[in-house]
Structure formats: structure tokens, C-alpha cells
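Same order as they appear, the protein sequences are chains W and X. Quick note on numbering: this note's numbering labels position 232 of the first sequence as 232, and the sequence is numbered without any gaps. Quick note on numbering: this note's numbering labels position 81 of the second sequence as 81, and the sequence is numbered without any gaps. C-beta atoms are modelled at their ideal positions from N, C-alpha and C, and glycine is treated no differently. Small disclaimer: the values here were computed from a predicted structure and weren't measured.
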Amino acid sequence: MDSPFDPKPSLRIDQGQIVEMDGRPRKRFDLLDRFIADYSIDLGRATKSMRLDSLVIAHMLTDVNVPRRDLIRVLGGCTPAKLVEIVSHLNVVEMMMALQKMRARRTPANQAHVTNWKEHPALLAADAAEAAWRGFAEEETTVRVARNAPLTAMAVLIGSQTGRGGVLTQCAVEEAVNLRLAIKGLTSYAETLSVYGTVPAFVDGDDTPWSKAFLASAYASRGVKIRFTSGTGAALLMGHSEGKSMLYLEARCLMLVKGAGSQGVQNGSISCIALPESVPEGVRAVMAENLIASMLGLEVATGNDAMASHSDIRKTAKLMLQFLPGSDFITSGYSAIPKKDNLFGGGNFDAEDFDDWLVLQRDLRVDGGMRPVREEDVIQVRKRAALALQVVYKDLGFPPITDEEVEAASIAHSSTDMPDRDVVLDLAAADAFMKGPRSVVDVIRALDLGGFEEIASRVLEMQRQRVAGDYLQPSAIFGPDFRVQSAINEPNEYQGPGTGHRLDAERWKELCDLPQAKRARDLVSGKGGFHPSHLEEIGVAKPGRGKEVIIAVGPAFGTALQQTLGSLPHADVLRELMAGVAEEGLPSRVVKVYGTADCAAIGHEGAVLSGSGVAVGIQSKGTTVIHRKDLAMLNNLELFPQAPNLTLESYHAIGRNAARYAKGMPTTPVAVPIDNMVRLRLIVHTTLMHMLETKEVRPAHPTMELKVSYK
Amino acid sequence: MTGRKEARAEYPLGQRIPSRLKSKGGMPYGEIRLKSLRRGSIKADDLSINADTLLIQAQVAEGAGYMQLGSNLRRAAELVKIPNTRLLEIYEALRPKHSTFHELSEISNELLRKYDAPKNARFVREAANAYRDAGLLRPTKTPQSNPKS
């Protein structure tokens with residue numbers, strides 16, 4: 001996070017111009033220093049801000065009583081080295097506290113990556129529709145073959161607007177092509193404007209801060225949202241770190257981004273993430289750069305997109321730094337497709353992780369920008385998108401999308417499930433569209449004529465929003481009904497408990513409604529093969545004489561409940577217990593204990609009644625104990641606490657062992673395999689079954705003797 | 001023209017002051033609907049932002065303290081009238097070692113005189129000075145068609 005070559009913060013202003021910054025006099029400024037000094041720093045605030053102790057500012061960042069807007073003003077007067085010094089005082093939890101407050105937009109959101117290896121347009125449209133349906137606010141696509149860009153952008157535009165009107169889309173390609181796609185109305189934002197922390201790295205990227213700033217204005221002049229891209233490690237990977245720490249270089253990048261007038265940035269190491277992951281406190285530095293961006297008032301799409309690690313634990317731990325406090329875009333590209341179809345080299349979290357992400361939201365009551373969906377709805381929305389694209393292709397004279405392709409796209413998991421297309425013909429169509437005069441207007445008309453009026457209106461509304469330009473403001477996305485949500489009209493005003501973004505009842509209900517969630521009543525069912533007449537109460541149980549084994553069952557056994565947790569029918573369990581006792585030549589009696597549902601107490605009650613003093617106690621869920629009357633209640637001869645691991649053979653052996661104890665013979669305890677995952681799988685079932693058993697408890701009711709008969 | 005505070009209260013413009021918005025081609029914001037498109041009256045310029053709207057957005061940004069974004073939107077307002085091709089050429093010219101000092105000065109003059117874009121003219125002039133000091137100008141003798149050789 002730091003380097004001995006990092007400069008110490010300093011600033012000197014003379015006649016309205018910065019003449020020294022971070023220990024360097026103006027005449028020794030490099031190109032980036034010069035840009036930062038002339039465009040990025042609020043001179044009216046600078047002297048005051050630089051005089052404030054960095055530790056004091058660090059405290060302000062974590063102090064809920066200091067609002068974001070006050071901090072933005074103070075931080076606007078800081079130099080890159082000062083920003084690094086401030087965040088270096090914070091541990092990761094304090095950084096999370098600070099990010100929670102400094103994030104620009106009140107409600108966090110998420111961006112999706114939608115690509116496929118075959119660049120199949122129908123699949124792109126279907127996947128884009130599904131991603132929009134799942135709640136992503138932005139969708140980014142890219143191409144394997146550059147010339148495909150217009151058709152790819154078109155498919156994602158139509159698909160996204162089929163899923164939900166207002167999703168912003170972009171296609172990451174070379175700058176000039178990118179701008180032309182936007183001008184044609186096929187994309188609504190761009191985030192390909194990369195910046196770097198050193199001059200040589202910048203020049204290798206064939207850009208300067210001025211060229212990038214000009215490009216930013218060019219996009220804005222066409223009503224297109226942009227965010228820049230930067231990230232820890234890029235300058236280092238390009239071999240131009242100049243011995244400075246990754247964080248100091250990134251702080252310079254971020255000040256350039258601000259100075260160029262970008263509303264936001266995607267950072268958090270992005271495609272270089274594996275590099276900071278391989279050095280001490282690299283992940284902390286990545287979090288620090290997200291935080292610095294938000295401290296500068298920038299919208300931040302906080303990485304978590306490219307593969308960060310082989311370890312799921314490390315990936316998830318890193319994600320929590322942004323997921324818990326919330327950021328403007330928690331990932332700057334959640335792979336809404338399988339990894340193998342991700343053309344960004346991404347897929348840190350992908351389509352197979354949707355369920356886990358949704359459960360995390362529900363576990364922690366955190367809005368991760370995604371919502372649960374039903375499979376039937378997903379298939380429907382995917383199909384609609386593919387059909388819409390089909391009519392557009394037909395109308396524009398592109399190589400047709402067949403009904404077979406539409407059907408395949410509706411249910412495809414990956415591009416492997418898609419028929420191949422004639423790529424040469426598709427590329428020719430793409431070239432012609434790019435060169436010709438046609439634009440999104442023709443796409444809208446085709447949708448409208450083809451019977452997709454709603455999608456046509458949504459695509460048109462995306463263009464109309466460009467005329468209003470409301471989404472050029474910081475951290476803008478579109479909510480329901482194209483309602484813009486930005487740092488202007490919905491700023492993050494977090495100031496401690498009860499403030500800022502809270503999940504309202506409606507959203508919370510939506511996040512809880514997981515399709516895989518089961519109703520409690522569906523968990524406990526199944527018959528146990530007992531007819532009520534097979535288990536007949538024949539009177540109050542009396543103490544026995546001589547060598548016998550009592551089998552004492554819980555109050556719901558064979559009546560309210562019919563099966564053990566391991567799905568063994570009570571009838572079979574009881575038969576095996578009795579057979580085991582009989583094998584050792586002893587008689588057994590079965591009693592039902594009504595006074596308790598506790599396994600030890602049931603067993604002990606049986607033991608007290610047993611002529612031999614030995615009894616087997618069994619709860620309805622199958623938990624079993626071998627007890628003896630002279631032992632303390634919570635002591636026992638053998639205990640079988642994990643009912644699901646018990647088989648009918650186990651119960652047979654338990655009956656046999658009980659008889660051997662009754663005869664006073666040496667006995668080898670029954671071996672039962674251990675499976676500690678059982679508790680995870682069945683803890684809810686266990687709770688429900690035990691609740692039902694407890695409901696059957698009648699404290700004053702005597703223990704009854706049962707007559708068991710099998711037909 | 002309204003002040004920054006007032007402008008902020010007008011945000012979102014599409015909801016608060018739709019009647020004052022027009023596209024670059026002059027079509028009123030409220031008329032940008034499927035109905036007009038069916039009539040064939042929507043041209044590409046009607047789906048693009050105009051300079052006045054960008055200036056209001058600049059004031060909105062500045063009113064909320066986003067000064068640099070405001071400056072960017074003001075520069076953008078000046079660029080609305082520049083054709084796409086020329087816009088991209090100017091961007092290319094601003095790349096490192098693509099232009100001589102003289103070429104950048106010419107662009108600066110063009111922005112000022114031809115497009116009435118003083119902020120961009122100044123910005124390009126500042127770039128020329130910065131490139132000169134940093135050695136990022138194209139040497140005069142190199143042919144322009146092959147700027148990186």
C-alpha cells in the first residue's frame with residue numbers, strides 16, 4: 001500500500017497556481033502532476049485541507065456525525081499523497097464504514113457482463129434480457145471479433161430493454177468505434193476510458209489526460225454517460241511504476257479522472273486484481289482505492305469482476321469489503337453467463353453463483369443489486385427477447401434468426417447449446433450497418449412493426465433520456481419507469497443507524513422470496529406404515545420383573561409423526577429394535593412416554609420400568625439412547641445423537657446391545673458413521689419434528705404400554 | 001439562464017422541466033414518442049442532446065459541488081455542433097505524439113473561430129503547452145500520415 005519512494009503530502013499555491021505539489025516544484029511536474037494541479041484540486045479549499053492532520057480527516061471519514069458533503073469539500077482540496085496518507089490510517093473495517101458513507105448514490109446497484117463465445121446474437125439478447133430481469137442496472141458486453149460490435153450492441157440493447165426498461169448498456173471496443181456505436185444509439189454509456197498513474201503507461205495506452213478529457217466531453221456532447229477505468233496494478237503490469245506504491249499511483253489516476261470531468265470510475269484493480277492479491281495487504285489497497293474514488297465524489301464500480309483467486313473463500317472475503325457497505329456498482333461486471341462464455345476474462349462470480357449471491361442478500365439483509373426470479377419467467381423473457389431480435393433482423397435484412405435459434409436461446413445455458421451461424425454473413429451485415437445511415441431509429445421501427453410495441457417504446461425512451469441528459473449526472477441509473485436515480489436527486493446521506501439506504505419492506509420481501517425456499521409444512525411428511533390399530537395402548541405401563549428390555553418411544557411416535565429424520569418408517573424401526581432384543585433371547589415391551597420429549601428422559605423412564613433396569617429410548621425423529629435406571633438422567637450406556645445416520649441395521653444392533661446389557665454381558669458399542677454435514681441439511685427438519693413431538697407432550701399423562709402388531 | 005441552486009431544483013430535467021427541453025434537431029422533448037417515429041418525423045439529431053440542456057446539466061452538477069463534471073459538460077455543450085468525424089479527428093490529434101505544436105494551435109483556432117468553442121480552444125492550447133514541455137509533440141519532420149513512426 002505504500003513505498004519508500006512515495007512522496008510526502010505538500011502543496012504551495014502562488015498567484016492562483018499550484019507551484020509545488022507532494023514535494024515536487026512545478027518546474028519538475030510531469031504531465032500528470034500538471035493536469036492534476038491545474039484541473040483536479042479545489043484551490044479555494046486546498047490550503048485549509050492540506051493543513052488538516054490526515055489522522056483528523058481519517059477520523060472524520062469514520063465519524064457518522066460528519067456528513068458526506070462536508071467531507072467531499074475537505075477532500076476536494078487534497079493532493080494525491082494526502083489522500084493516500086489519510087486512507088493509510090484506516091483498517092479495512094473503517095474503510096467499509098467510510099465507503100458506506102461516501103458512496104455517491106443512496107441505493108447500491110450492480111452491473112452485469114453479457115457475452116458469449118460464439119457471439120450468437122439470439123443468445124446475447126436472451127442473456128441480456130435475463131440479466132435485466134434479475135435486476136442489473138447496467139449491462140456491459142464486448143466482442144471477440146471487433147467488426148461484430150454493432151450487432152452485439154444491438155442484441156444487448158434489445159434484450160436488456162425486453163427484461164426491464166431503463167437498463168444502461170455498453171459495448172467495450174476501441175474508442176472511435178465505441179463513440180460511433182453510441183452515436184447510432186446502440187449503447188447508452190461507455191467505461192472504456194482507461195487512465196494510468198504514470199506518464200509512460202499513459203503514452204503506451206496512446207492517450208494523455210487531455211485526450212481522455214476531450215473524449216469524455218465528446219461522449220457527453222452526444223448525451224452518453226461515461227465512466228473512466230483505472231486500477232491498482234495497471235502501471236506496474238505495464239512496467240512503469242517508477243518505484244511508487246500501487247495505491248499512490250492509483251490516487252493520481254483518480255485525481256485525473258476527477259479533473260477530466262468524469263462522473264465516475266470503475267476501479268478496484270479490475271483485470272489486474274490477481275496482482276494485488278499476491279502481495280501483502282494488496283486486497284486492503286484495492287479497497288482503499290475504491291474508497292479514494294468515492295472520497296473524490298466519483299461514482300465507483302468496485303471491481304469484483306475479473307478472476308481474483310482460485311479460492312472461493314478469498315474471493316468471497318474480498319467481495320464482502322464492497323458488498324456489505326454497498327457501492328454504486330458492487331461489481332463492475334457480474335458474469336451473468338457461464339465463465340466459458342465470458343469474453344472479459346472474467347467470471348469471478350458467474351451465472352452459477354446467482355443462488356449464493358441471493359442467499360447472501362437474505363442472510364445479511366443486504367441489497368446486492370439482484371433479485372430472485374422464477375425459472376418460468378426467465379424462460380419467457382428470454383424467448384421474448386430472441387423473438388424481438390428475430391423481427392429486427394428480418395426487417396433490416398440481416399441473415400435470419402431461425403425459429404430453432406429462438407427456441408435454443410430461450411433455454412440455453414451457454415453458447416454450446418446454440419446452433420452455429422454463418423459468421424461471414426453476420427459480419428458483412430455488421431459492416432453494412434456500421435457504414436450505412438441506419439441507426440437505432442430503424443431498430444425501433446422494426447420492433448414496432450413486428451408487434452413489439454412495448455420494447456420499441458423502451459428503446460426509444462432510452463434515446464429520449466439522452467436528450468434530457470439527466471443520466472450524465474454522478475452515479476445515475478434508471479429505476480422503475482425510467483425514473484433517474486443519481487447523486488443529485490438520491491444522494492447517499494448515510495449518517496449512522498437509521499439513515500441512508502435501508503431495505504424497505506417491499507424490497508426485503510422481494511429479496512426473501514427465493515424460489516428454492518421451502519414451506520415448513522412440506523418438510524415433515526410421509527407415512528410410517530403404521531395403522532393406528534397396530535399400536536394399541538393397552539393400559540398404564542407397570543414396572544416389570546426379570547430380564548427384559550423396555551423400548552420407550554416419544555409421545556408422537558407412530559401417531560403425529562410416522563418417520564425418523566432419516567426417513568425410516570417408525571414401524572420398521574420398532575420391528576428391528578424388537579428383533580435385536582429377541583436375537584439375544586430376551587422379551588421386550590414397548591411403552592409410550594407422554595411426560596417428556598427429551599431423549600434421555602424417555603430412555604430413563606423406560607429403564608425405571610424395565611425388569612432388568614435397561615431400556616432403549618427413542619424420539620420420533622429417531623434419536624436413540626440405551627439407558628440404565630441406576631445412571632444419572634444425562635448419563636447413558638450408548639447414545640446415538642445423529643438420527644439420520646442410523647440405518648435399520650443400526651436399530652437392530654441397538655436392540656441386541658440393550659439385551660446384552662440386560663444380561664450383564666460384555667458388549668461392543670454399536671458403530672455409527674459420522675456425517676457432520678447432516679446437521680446442515682436437516683437442522684430445519686429436526687427443529688420442526690421436535691416441535692411436533694413437544695406438542696404431543698402431556699405432563700400429567702402416565703406412560704402407557706403398547707401392543708404392537710404387524711400385518 | 002437560471003443559477004446553480006435553481007438549476008439543481010429543476011433536476012431531473014426530464015420530469016421537472018420537460019417543456020423547456022428540445023433535441024439537437026429542435027424536436028420538443030415531449031414529442032419524442034413512438035407516434036412521431038411512426039410518422040417518420042424523428043431524425044437522428046432528434047435523439048441527441050442540445051447545448052442548452054447540457055448547460056443546465058452543467059449548472060446542476062456545479063450546484064451540487066461537482067465542479068469538474070460541470071466544466072466537462074460546458075465543454076461538451078460547445079462540442080454539440082461539431083460533426084462526428086471532425087470530433088474524432090480532434091481526439092486523434094490529441095493523442096501523444098500525433099500532432100505538432102502548430103497543428104494543435106490550428107485546432108485551437110478552429111475551435112474558437114469556426115465552432116465558437118472557446119473553452120475547448122483553451123483546453124487544446126493548454127494541451128499543446130503541456131505536450132511541448134513533456135516532449136509529447138510529434139517532431140515537425142515526421143509525415144503526419146504516420147504519426148507513431
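- Task: Go ahead and pull the three-state DSSP assignment for residue 493 of chain W.
- Result: coil
- Taking the alpha-carbon positions, what's the residue 579 of chain W to residue 650 of chain W distance? 12 Å
- Message: Suppose only complete runs of 4+ residues qualify. What are the alpha helix (DSSP H) ranges in the stretch 2-85 of chain X, listed by chain order?
- Response: 4-9, 13-16, 34-39, 51-63 and 67-79
- Can you name the residues that DSSP bridges to residue 18 of chain W? W:13
- Query: Would you call the stretch 475-489 of chain W and the stretch 313-326 of chain W in contact, with 3 or more CB pairs under 8 Å?
  - Reply: no
- Message: I'd like to know if residue 26 of chain X contacts chain W, where contact means its C-beta is closer than 8 Å to some C-beta of that chain.
- Response: no
- Item | Neighbourhood of residue 78 of chain W by C-beta, 6 Å cutoff - its chain only, sequence neighbours within 5 removed | 49
- What's the call for residue 491 of chain W, buried or exposed, on a 16-neighbour Cβ count within 10 Å? buried
- Query: Between residue 123 of chain X and chain W, is there a C-beta pair that is closer than 8 Å?
  - Reply: yes
- Cutoff 7 Å; reference residue 33 of chain W; Cβ partners in own chain excluding five residues on either side: 21 and 24
- Message: Please confirm whether residue 265 of chain W has its beta-carbon closer than 8 Å to some beta-carbon of chain X.
- Response: no
- Can you check whether the CB of residue 115 of chain W is closer than 8 Å to the CB of residue 489 of chain W? no
- Query: Using 8 Å as the limit for Cβ to Cβ distance, is residue 172 of chain W near chain X?
  - Reply: no
- Short CB-CB distance (under 8 Å) between residue 115 of chain W and chain X: no
- Cross-chain neighbours of residue 467 of chain W in chain X, by beta carbon under 9 Å: 14, 21, 22, 23, 24, 27, 29, 32, 46, 47, 48, 49, 50 and 53
- Would you verify that the beta carbon of residue 109 of chain X is, or is not, closer than 8 Å to some beta carbon of chain W? no
- CB residue 576 of chain W to CB residue 500 of chain W, shorter than 8 Å? no
- Item | Under 8 Å (Cβ pairs) to chain X, residues found in the stretch 16-41 of chain W | 30, 31, 34, 35, 38, 39 and 40
- Message: DSSP three-state label for residue 315 of chain W, please.
- Response: helix
- residue 96 of chain W versus residue 304 of chain W: straight-line alpha-carbon distance, rounded: 15 Å
- DSSP beta-bridge partners of residue 704 of chain W: W:540 and W:592
- Query: Tell me which same chain residues have a C-beta within less than 6 Å of the C-beta of residue 639 of chain W, skipping the five on either side of it?
  - Reply: 625
- Query: Taking C-alpha atoms, which residue in W:439, W:494, W:608 and W:705 lies nearest to residue 187 of chain W?
  - Reply: W:439
- Closer than 8 Å, Cβ to Cβ, to anything on chain X: give me those residues from the stretch 192-218 of chain W, in chain order. 199, 202, 203, 206, 207, 208, 210, 211, 213, 214, 215, 216, 217 and 218
- Residues bridged to residue 265 of chain W (per DSSP): W:228 and W:300
- Take every Cβ of the stretch 33-40 of chain X, pair it with every Cβ of the stretch 8-24 of chain X, and state whether three or more of those distances are shorter than 8 Å. no
- Task: Could you tell me whether the stretch 241-255 of chain W touches the stretch 208-219 of chain W, using the rule of 3 or more Cβ pairs below 8 Å?
- Result: no
- Is it the case that the Cβ atoms of residue 338 of chain W and residue 410 of chain W are separated by a distance below 8 Å? no
- Task: Could you tell me whether the stretch 565-572 of chain W touches the stretch 586-603 of chain W, using the rule of 3 or more Cβ pairs below 8 Å?
- Result: no
- Task: Give the secondary structure of residue 193 of chain W by DSSP, where H, G and I count as helix, E and B as strand, and everything else as coil.
- Result: strand
- Task: Scan the stretch 443-472 of chain W for residues whose Cβ lies nearer than 8 Å to a Cβ of chain X and list them as they occur along the chain.
- Result: 444, 445, 448, 453, 456, 457, 460, 463, 464, 465, 466, 467, 468, 469, 470 and 472
- How would you call residue 288 of chain W, buried or exposed, if buried means at least 16 neighbouring beta carbons within 10 angstroms? buried
- Item | Other residues of its chain near residue 419 of chain W: CB distance less than 7 Å, five sequence neighbours each side excluded | 404, 405 and 408
- Item | Chain-ordered chain X contacts of residue 435 of chain W [CB-CB under 7 Å] | Here the premise fails: no neighbours, minimum Cβ distance about 13 Å.
- Query: Looking at C-alpha atoms only, which residue of W:682, W:196 and W:255 is the closest neighbour of residue 69 of chain X?
  - Reply: W:255
- Message: Between which two residues does the alpha helix (DSSP H) holding residue 398 of chain W run?
- Response: Premise fails: residue 398 of chain W is in no alpha helix (DSSP H) and is neither H nor E.
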